[in-house]
Amino acid sequence: MARAVAVVAVLVAVLTAGCLTGPPAAPEPVSNPGVDLPYDDRTVSEPQSSAYDNPWRTDEVVVTVDHRAGERNVVPDVMRTVQYWEDTAGENAAYEPDYRVLSEYAEPNVRVAVVRTVEGCGAHGDEVALGCTRVLDEDSRMAKPVTVQVRAGHSPNTTETILKHEFGHTLGYEHGDAPVDSDGTVMTKNLSAQMPADVVDASNRTYPWASETLSVAVAEDDSLRDAQRERLEAAARFISGGADGALSDPPSVAVTDSATDADVVVDFEENATCSGDGGVPATSCVDWAGPDVDDDGTPEYYTDARVVVGQTGHEKPGWHVGYWLGDTLWTDRVPAPFYGWDRPAATTW
1 MARAVAVVAV LVAVLTAGCL TGPPAAPEPV SNPGVDLPYD DRTVSEPQSS
51 AYDNPWRTDE VVVTVDHRAG ERNVVPDVMR TVQYWEDTAG ENAAYEPDYR
101 VLSEYAEPNV RVAVVRTVEG CGAHGDEVAL GCTRVLDEDS RMAKPVTVQV
151 RAGHSPNTTE TILKHEFGHT LGYEHGDAPV DSDGTVMTKN LSAQMPADVV
201 DASNRTYPWA SETLSVAVAE DDSLRDAQRE RLEAAARFIS GGADGALSDP
251 PSVAVTDSAT DADVVVDFEE NATCSGDGGV PATSCVDWAG PDVDDDGTPE
301 YYTDARVVVG QTGHEKPGWH VGYWLGDTLW TDRVPAPFYG WDRPAATTW
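For the sequence shown, full-length UniProt numbering begins at 1 and goes up steadily by one.
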């Protein structure tokens, strides 16, 4: 029986501060990646046959790329990846790959999907996933396309590293396997062992959070009055609804009761003191937490946040949480409720 196991590449966490610095870069045009494999070759393929050893029983493995969720064109990265595996996959691979990368195809064998977040892969629990796909072996028979997910927002070098890892799974390689003519690092479980030093920091990403569903709760040693909860929920609805048009694709934000499981924890204190970001507004501050693969002291994604609200801000927790959460998400403007911090304009928050 064919085995289909979800696998991901993961990161390691740190604590720091951050803010969004600018809009996404313009998409890059398709360029020649400098490999022998031609792009968009439209010659007619041979019909399916049991003589072919890949899971689709085709003469070539057709690959398409959907990078609508990304900020640049990743086709060159995909082409370098498939060229690598055509050159590297040997007797220990599930099959000998012969790829064709096409711009469009009704039913490709492999579909590369650039996604904003990789969720639901399941192999590594709560860790941040960079990519996800199925493990195929020599007994696999696939009637539908296999999707290779790769997280958007990375440099070409990092994206190529992730793609090589995930394509390796479609060739039967599992974590720790060493392809022939390889140094063995491409299939390491934790990609931090081979990540380049140019991994994009969360503060420079259009969407810096590890999940598209964010939960907010107060610290376990704090109590939340009904009025405070209503104001937190108002801020959550404001962000989830797009913040008056400031967010084109906002996350889903909800107020919950469990600080242990929450992504954003609100801590009511006498004074707003954080090891991370503070200053404006002076009545609150925030500590960001997330993975730091390149060891530069700044996370590549935010997985958790602790918003400390000082005494003078206790009646408006929604505004302070909305400010700091929104600060990671605005790309071109700040909505009206957050123009001034001494007297928050969102009077119902």
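Backbone N, C-alpha and C define an ideal beta-carbon position, used for all residues, glycine too.
- CA-CA distance, TRP319 to ASP98, rounds to 55 Å.
- Residue nearest to ASP327 within the set ASP137, THR206, LEU171 is THR206 (criterion: CA-CA distance).
- With a cut-off of 8 Å on Cβ pairs, the segment 222-237 is not in contact with the segment 129-145, counting fewer than three such pairs.
- In this model, GLU91 and VAL199 are separated by some 33 Å (Cα to Cα).
- Around the beta-carbon of GLU220, fewer than 16 other beta-carbon atoms lie within 10 Å, marking it exposed.
- Its Cα nearest to that of THR260, the residue ALA305 stands out among GLY168, ALA305, HIS314.
- In this structure the segment 238-256 does not lie against the segment 283-302, because fewer than three pairs of beta carbons, one per stretch, are closer than 8 Å.
- One thing to note: ASP40 has its Cβ within 8 Å of the Cβ of LEU102.
- Setting aside the 5 residues that flank it on each side, TRP349 is surrounded in the same chain by ARG231, ALA234, ALA235, LYS316, GLY318, TRP319, each with a C-beta closer than 6 Å to its C-beta; the list follows chain order.
- Secondary structure of GLY290 (DSSP, three-state): strand.
- Taking the CA atoms as reference points, ALA210 sits about 30 Å from GLU104.
- Under a 10 Å Cβ-count criterion, LYS144 is classified as exposed, with fewer than 16 other Cβ atoms of the shown protein chains found around its own Cβ.
- Counting along the chain, the unbroken alpha helix (DSSP H) around GLY168 starts and ends at 156-170.
- With 16 or more other CB atoms across the displayed protein chains lying within 10 angstroms of its CB, GLN149 is buried.
- Residues of the same chain with a CB within less than 8 Å of the CB of ASP257, apart from the 5 flanking positions on each side, are ALA217 in chain order.
- When DSSP states are grouped into helix, strand and coil, LEU130 belongs to the strand group.
- For the segment 300-346, the full-length alpha helix (DSSP H) segments reaching 4 residues or more read 317-327 along the chain.
- In this structure VAL334 is exposed. Its beta-carbon is surrounded by fewer than 16 other beta-carbon atoms within 10 angstroms.
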